[in-house]
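Protein chains in written order, with the working numbering: chain A, 1 to 934; chain B, 935 to 1352.
What follows is one structure encoded as structure tokens, with my remarks underneath.
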Amino acid sequence: MTDSKYFTTTKKGEIFELKAELNSDKKEKKKEAVKKVIASMTVGKDVSALFTDVVNCMQTENLELKKLVYLYLMNYAKSQSDTAIISVNTFVKDCEDSNPLIRALAVRTMGCIRVDKITEYLCEPLRKCLKDEDPYVRKTAAVCVAKMHDINAQLVEDQGFLDLLKDLLSDSNPMVVANAVAAISEILETSPTAQQSLEMNIGTINKLLTALNECSEWGQVFILDAISNYNPKDDKEAQSICERVTPRLAHANAAVVLSAVKVIMKLMEMLDPHSDYITMLVKKLSPPLVTLLSAEPEIQYVALRNINLIVQKRSDILKAEMKVFFVKYNDPIYVKLEKLDIMIRLTNQGNIAQVLAELKEYATEVDVDFVRKSVRAIGRCAIKVEQAAERCVSTLLDLIQTKVNYVVQEAIVVIKDIFRKYPNKYESIIATLCENLDTLDEPEARASMIWIIGEYAERIDNADELLESFLEGFQDENTQVQLQLLTAIVKLFLKRPTDTQELVQQVLSLATQDSDNPDLRDRGYIYWRLLSTDPAAAKEVVLAEKPLISEETDLLEPTLLDELICHISSLASVYHKPPNAFVEGKASLRRSLPPRSQSDSMDAQPASSLESPTSNVSSAPQATVIPGADSLIGDLLDMDLGGPTPFQQQQMYQQMPQQSQPQQSGVVDFLGGEGLDSLLGGGGGMDSLGGLGDIFGAASSNSYVPPAEVWLPASKGKGLEINGTFARKNGQIFMELTFTNKAMQPMVGFAIQFNRNSFGLTPASPLQVQSPLIPNSSASASLQLNTSGQIQKMDPLLMVQVAVKNSIDVFYFSSMIPQHVLFTEDGEMDKKEFLASWKEIPTTNEVQYVITDVQHNADTVSQKLRNNNIFTIAKRNVEGQDMLYQSLKLTNGIKVLAELKIAPGNPNFTLSMKCRVLDIYTGIQTAYDTILHN
Amino acid sequence: MIHSLFIINNTGDVFMEKHWRSVINKSICDYFFEAQSKATNPEDIPPILSTPHHYLINIYRNNLHFVAVVTTEVPPLFVLEFLHRVCDIFEDYFGDCNESTLKEHYVIVFELLDEMLDNGFPLAMEINVLKELIKPPNFLRTITDTVTGKSTSVGATLPTGQLSNIPWRRTGVKYTNNEAYFDVIEEIDAIIDKNGTTVIAEIQGYIDCLIKLSGMPDLTLTFINPRLLDDVSFHPCVRFKRWESEKILSFVPPDGHFRLMSYHIGSNNMVAIPLYVKHNISFREGSSGRFDVTVCPKQTMGKSVENVVVEVPFPKAVLNVTLTPSQGKYSFDPVSKMMTWEVGKIDTSKLPNIKGSISLQTGAGIPESNPAITVMFSISQMAVSGLKVNRLDMYGEKYKPFKGVKYLTRAGKFQIRT
């Protein structure tokens, strides 16, 4: 007697037969028939035709039969909504049954019937069940509220179920509390309107913490997640929550452990980083994370993705546990790749020898993806730990000797990065590399090799021959290789002009005449023109010093990382994307780490080791470029491997206006990419950050000037009307005034004076107005201002009080200085400084605004802002969103850091700012607003 | 929360689906099949797959893929833990969790799944609660059912454990012989490099119990050397506070089999390696090679090493091997290229050895690397970490139970690089 008998079918109409059985008088036969129906349903057969017959079996005392009918009902009620209504009566009756199991079953099932008509009938029974004497019924009813909310949110809110649900948070039974929490978090995820009514306070949190100890492991996950959304009001509260959550780290359920880690990681932000308690917490966090790695591989994977975030935030947590990340040969590939990533993150001078030995071992494994990543990892080690670079290089050379094709290619790609990081150190190995020229068949490896040949052309005797050999199949190469080859040959020519003329001619003609690729053609033309007009300049452009690459790779944006830390254990943490970027219907509540409450003590000790997780590896401050998120190699200035990183572009663009002649070879790439036409026409290139325009002295920065407004109406000025505005021109602030004489007599003897103001603005020269100003005429004046005046904080901050005198009287008026005229030209920070300051400024000081309805893309935005001295330091694309990192400086030296988040297709930008002085935020926000809307 | 579950066999049949919310068409599994086709091994399928509207969180166990569908932000570990728990429960109910047993008990499976989740939220996951709600299949009962014409497979009363403060234990347990057995099992995970140096060695330990005690016994278990344990995870029944303060395990046990605690002794402690492997594997030009492996006991504290199995996954280029073992049997699977040598017990006077020749496919080059050898073994009566149970005390009940502790050390992931 097994259930497989339910699958045997007879040839005669199965449905017909079942129908007869369902209507049989015998209970046993009925039940067997329902079982057969269910069995058909589970394998996906359509048995909806039997709806009425099955539902008729519902009124029965037999619990098993009832359950089966309910199962059926849940599946088909939606498609049979008209007939489903007959079931309502039974539900209402069952909700009053004396057996709690039946009451619970009824309330459970009716929530699953997604038919609006029925839902309305179920409000009353549900209300009763929420207050049922039996906790089993209450806990089922709690979930039912979430179900109903999903079907008809309005109804649930109108009927006051949310309040009833909230009451359940204080229930005496921990299981009821856990289910209520689960229902609430689900409702919150879809409905932001429920936010207010379900707000948590410390009272509820304490109840949750009490329930935490007693409820089931699944309930603990819900409760911990709910606690992680609560922001305690001070560090004492945070610490007490931490203390009560820490025991969960020893739970056998991995989900509970990771949720507890999330709560603790978040609350740790609020605690004094130097306290013993933090040291103790850090110690406690490590063992449970290690334990997760001995669980099933799927669990390991999720744990590893989260550990990746955790070690970026707090590298001290797992620093002693490097070995647990060593790869076993039968780990699933997804575990291997993640382990490798974390190994590199934990690599330091102390353990590099071990890591390198491991990586070398991995490089001989069978799985190609894993081998490739291991080879790249060796390169990353070399770049990260300078002392080990030599050993890494020799390991790579050993690997090249294996002649395994993909290993060789991967090694060449990383060696190129090592050359960039440590120039003039390892070039002796070039000869070995050249031996493998013929085996390279992947574009990336070919391009890397060509770059190496071009860059070190003077040391390779037969560089011309080598490059020529590549040239033969020029048309068949990948664009990346073509571009690289072009640049390399031009480099070669500039280094050895005598014997390579023919070669350069050949490549230029190939690029400009025989190619359909505009990038290639344009770059060809530029080189051609550069070479033919001014070879010296060409040399300076093409053979310029390149910035070094930085050691820390693949780091997440600090703000994104902070946000993801709040989402540890969630899908977001697996994808390393904020949840609103990928989860549908997710109310986009951005979570951020709570600010530390003792911000004053922080100021006293900036850049503590806990604050900056990278501090233990930071060196080489001259390094400027951070390679792209996915590959190490996206960063070569004159390699088109994925294009230069935005930050690099930024660097180049910003140097140009200051240095009349471009000096980085990367410039050429940019020009090439932009298209020659726009370059020569001077117009089209403007939208890309204005770099082009600046080089060629075309239209230059034009800061936004707000429209003039009436400062002094004629009625108050005894006939004198003053219109005016402020502007910033050539690094100076000007007050643009228009005086109109609406009186009957001419006016003479104009003079102006400023009251003390917040920024010390004061006229730099006397006011020059055409005098006399005859009636019904206007005169304009441009008054240069400087900031050497006396300072007094005004309210509003940007107000300046002005007195204007003429032959008639003295008039007083006040006007608002547009904040952006106070942004100075030297407000551009370098990347390092930016990162350091961002970390240094306490998160309490961070504010966020939304700038609505901006019709620009990231490039035009940065251009516009740049014109107004808001400098984009880096631009990154994070999951489709552009993040612009900007800095600006006020005339009084206050520096402001900003992050502008631009989602494609969304005209609302999010602006986050950090500054030590809080008063200026409004002004700056207004400045952004006005600049972007004009 | 968890929307639906599909159970898929190795040939790609979706033979079971369960929806806790609206029905999701099983065509969603196409995304899974796509990932499956990309993966070389079934275990290499990424556990989390994203599709335009859903996330597929899946595990691979007993040659079955359990694919859960979620639509909203859900802690993935929660889903993974749930799926593994589902398998555990099936195994407990049906003795095994494979395609045929699941198909055989279709309705029970379906009822169980329905009872475990409500709207995607865990409802009853404790095995003792489930067993009261849905009786496990039982040969005797099926006979009584057919004779009496009554079905008893669904319990009609609210399970007692469901809401008590100790949901893991049902009330009214009665045994004539009261027994409590504890198995201290330690698995050594290790990577040994080709020179015999230990790259990493760690111990994963478990204390599995079989408790058959009447009433509501309250147990305390103490260790002689609890200081060894600094990374532990406990069954919910263990009172964490007492462990924190006194380092003793105090708990009201569930009835029957369960895992009381698991612990991890990390690579920073010294772990004794009970055996080492002398190996000499070489490939030569001209499509052949030599293979010579000897297994020797090392630090075994005088206990004998048993159930030794050596597995060698040969590179793809290997055609066949011809070997002579000094003891035990060996087999070679020409498809997976896996050589398995069942050594059995190691006799210290005559060390087990296997040697012979390897033939390579003609035309295939010499493999780039030697295979990593996996060794399995077990040593009874010994916990390699040295952990020892001191005593077990029982409170709350009057009878005298029979108590027993067993120790076992075995290989976890024990690999030797060659």
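Each residue gets a CB set at the ideal place from its N, CA and C atoms; glycine is no exception.
With a Cβ-Cβ cutoff of 8 Å, do B:N1304 and B:T1352 count as a contact? Yes.
What do you get for B:E1045, buried or exposed, if any count of 16 or more other CB atoms within 10 angstroms of its CB means buried? Residue environment analysis places B:E1045 among the buried positions, since at least 16 neighbouring C-beta atoms fall within 10 angstroms of its C-beta.
Measure from the alpha carbon of B:G1262 to the alpha carbon of each residue in B:T985, B:L1253, B:L1285 and B:K1271, then state which is nearest. In terms of CA proximity to B:G1262, B:L1285 leads the group B:T985, B:L1253, B:L1285 and B:K1271.
Beta carbon of A:V375 nearer than 8 Å to that of A:E410: Inclusion of A:V375 and A:E410 in the CB contact set at 8 Å is warranted, their separation being smaller than that value.
Helix, strand or coil at A:W218 according to DSSP, with G and I counted as helix: The three-state reading of DSSP puts A:W218 in helix, counting H, G and I together.
Is the segment 949-960 of chain B in contact with the segment 1025-1032 of chain B, if contact means three or more CB pairs nearer than 8 Å? Three or more beta-carbon pairs separated by less than 8 Å are not found between the segment 949-960 of chain B and the segment 1025-1032 of chain B, which leaves the two stretches without contact.
Interface positions of the segment 1185-1209 of chain B facing chain A (Cβ-Cβ less than 9 Å), listed along the chain: Those would be R1193, M1195, S1196, Y1197, H1198, G1200, S1201 and N1202, in chain order.
7 Å Cβ shell around A:Q622 - same chain, five flanking residues per side excluded: Annotation note: pLDDT 38 at A:Q622 (below 50); position unreliable, coordinate value reported separately. Once the five neighbours on either side are set aside, the close Cβ partners of A:Q622 are L548.
Under a Cβ-count criterion, where at least 16 other Cβ atoms within 10 Å of its own Cβ denotes burial, should A:L918 be classed as buried or exposed? Exposed.
Residues bridged to B:T1156 [DSSP beta-bridge criterion]: B:R1325.
At a CB-CB cut-off below 9 Å, which residues of chain A make contact with B:M1273? By Cβ distance, chain A contributes nothing, its closest Cβ being about 15 Å from B:M1273, past 9 Å.
Using C-beta distances below 6 Å, list every residue in its chain close to A:L224, excluding the 5 sequence neighbours before and after it, in chain order. Answer for A:L224: S259, A260 and V263, listed in chain order.
Could you give the uninterrupted runs of the alpha helix (DSSP H) lying entirely in the segment 361-422 of chain A, keeping only those of 4 residues or more? Restricting attention to alpha helix (DSSP H) runs no shorter than 4 residues, the segment 361-422 of chain A encloses them at 368-384, 389-401 and 405-421, ordered along the chain.
Give the range of the beta strand (DSSP E) segment to which B:P1247 is assigned. Per DSSP, B:P1247 belongs to the beta strand (DSSP E) from E1240 to P1247.
Burial state of B:G1330, where buried means 16 or more other Cβ atoms lie within 10 Å: Flag for B:G1330 reads exposed.
Counting pairs of Cβ atoms below 8 Å between the segment 1035-1042 of chain B and the segment 969-983 of chain B, do you hit three or more? Between the segment 1035-1042 of chain B and the segment 969-983 of chain B, the count of Cβ pairs shorter than 8 Å is below three; the stretches do not touch.
Coarse secondary structure for B:L1285, derived from DSSP in three states: In this structure, B:L1285 counts as coil in the three-state DSSP scheme.
B:F1174 lies in the alpha helix (DSSP H); which residues open and close that run? Segment F1174 to E1180, the alpha helix (DSSP H) holding B:F1174.
Using a beta-carbon distance below 8 Å, is B:I982 in contact with chain A? With a threshold of 8 Å between beta carbons, B:I982 makes contact with chain A.
Could you check where the beta strand (DSSP E) with B:E1060 kicks off and where it finishes? Unbroken run through B:E1060: none, as it is neither H nor E.
Got a sec, what are the start and stop residues for the beta strand (DSSP E) B:S984 sits in? Counting along the chain, the beta strand (DSSP E) containing B:S984 begins and ends at I982 to S984.
Taking DSSP as the reference, what is the three-state secondary structure of A:N877? In the three-state scheme derived from DSSP, where H, G and I count as helix and E and B as strand, A:N877 is classed as strand.
Please classify B:Q1315 as buried or exposed, where buried requires at least 16 neighbouring CB atoms within 10 angstroms. By the 10 Å Cβ count, B:Q1315 comes out exposed.
Ends of the alpha helix (DSSP H) at A:A961? The structure shown does not extend to residue 961 of chain A, since chain A spans only 1 to 934, so no value can be given for it.
Cβ pair count under 8 Å reaching 3, the segment 114-125 of chain A against the segment 961-968 of chain B: The segment 114-125 of chain A vs the segment 961-968 of chain B: no contact.
Distance, A:F759 Cα to A:V810 Cα: When the Cα atoms are used, A:V810 and A:F759 turn out to be separated by approximately 24 Å.
Chain A residues whose Cβ lies nearer than 9 Å to that of B:R1351: Proximity of chain A to B:R1351 at the Cβ level (cut-off 9 Å) is accounted for by Y329 and E361, in chain order.
Return the Cβ separation of A:L285 and A:A303 in integer angstroms, given the expectation that the two are a contact with Cβ distance under 8 Å. Wrong, their Cβ atoms sit about 13 Å apart, outside the cutoff.
Thinking C-alpha only, which one of B:L998, B:N996, B:P981 and B:N997 is nearest B:L990? Answer by Cα proximity: B:P981.
Is the CB of A:D943 under 8 Å away from at least one CB in chain B? Because chain A is modelled from 1 through 934, residue 943 of chain A falls outside the range shown and cannot be assessed.
Nearest to A:K93 (by Cα), restricted to the options A:M110, A:K421, A:I333 and A:N755: It is A:M110.
Residue range of the unbroken alpha helix (DSSP H) whose run includes A:T512: Taken as a continuous stretch (DSSP letters only), the alpha helix (DSSP H) holding A:T512 covers Q501 to Q513.
Is A:E237 close to chain B, meaning its C-beta is less than 8 Å from at least one C-beta of that chain? So, not an interface residue.
Quick check on the DSSP output: the alpha helix (DSSP H) that includes B:W1102 runs from which residue to which? No alpha helix (DSSP H) contains B:W1102, which DSSP labels as neither H nor E.
Contacts around B:K1289, its chain only, beta-carbon distance under 8 Å, and the 5 residues preceding and following it disregarded: Excluding residues within five positions, the ones whose Cβ falls inside 8 Å are R1224, F1225, D1226, V1227, L1257 and T1258.
Out of curiosity, what's the CA-to-CA distance linking A:I460 and A:R523? Each residue's Cα considered, the two are about 25 Å apart.
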